[in-house]
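Going by the UniProt record's numbering, the sequence shown opens with residue 1, and the numbers climb by one from there. Glycine is no exception: its CB is placed at the ideal position from the N, C-alpha and C atoms. First the structure, in the form of structure tokens, and then the observations on it.
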Amino acid sequence: MGVQKVGEKYICNICGNEVEVTEVGGGVLICCGEDMELME
């Protein structure tokens, strides 16, 4: 799917990096060569 709104949090299931969206630019977040997973 991809980044949709400010404040969403994503995690890398490989290394554990976490990202919080501060500006929506479209696309998907990639870490360690894999899509990051949206945290609920």
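Figure out for me which residue from the options has the closest Cα to the Cα of residue i.
{"i": "I30", "options": "V24, E40, V19", "result": "V19"}
{"i": "V21", "options": "M39, N13, V6, I11", "result": "V6"}
{"i": "E23", "options": "M39, E40, M1, K9", "result": "K9"}
{"i": "C32", "options": "G2, Q4, C15", "result": "C15"}
In whole angstroms, give me the CA-to-CA distance for residue i and residue j.
{"i": "N17", "j": "E34", "result": "12 Å"}
{"i": "G25", "j": "I11", "result": "18 Å"}
{"i": "V3", "j": "V28", "result": "6 Å"}
What is the C-beta distance between residue i and residue j, in whole angstroms, given that I count them as a contact (C-beta under 8 Å)?
{"i": "E40", "j": "N13", "result": "E40 to N13, Cβ: 14 Å. No contact."}
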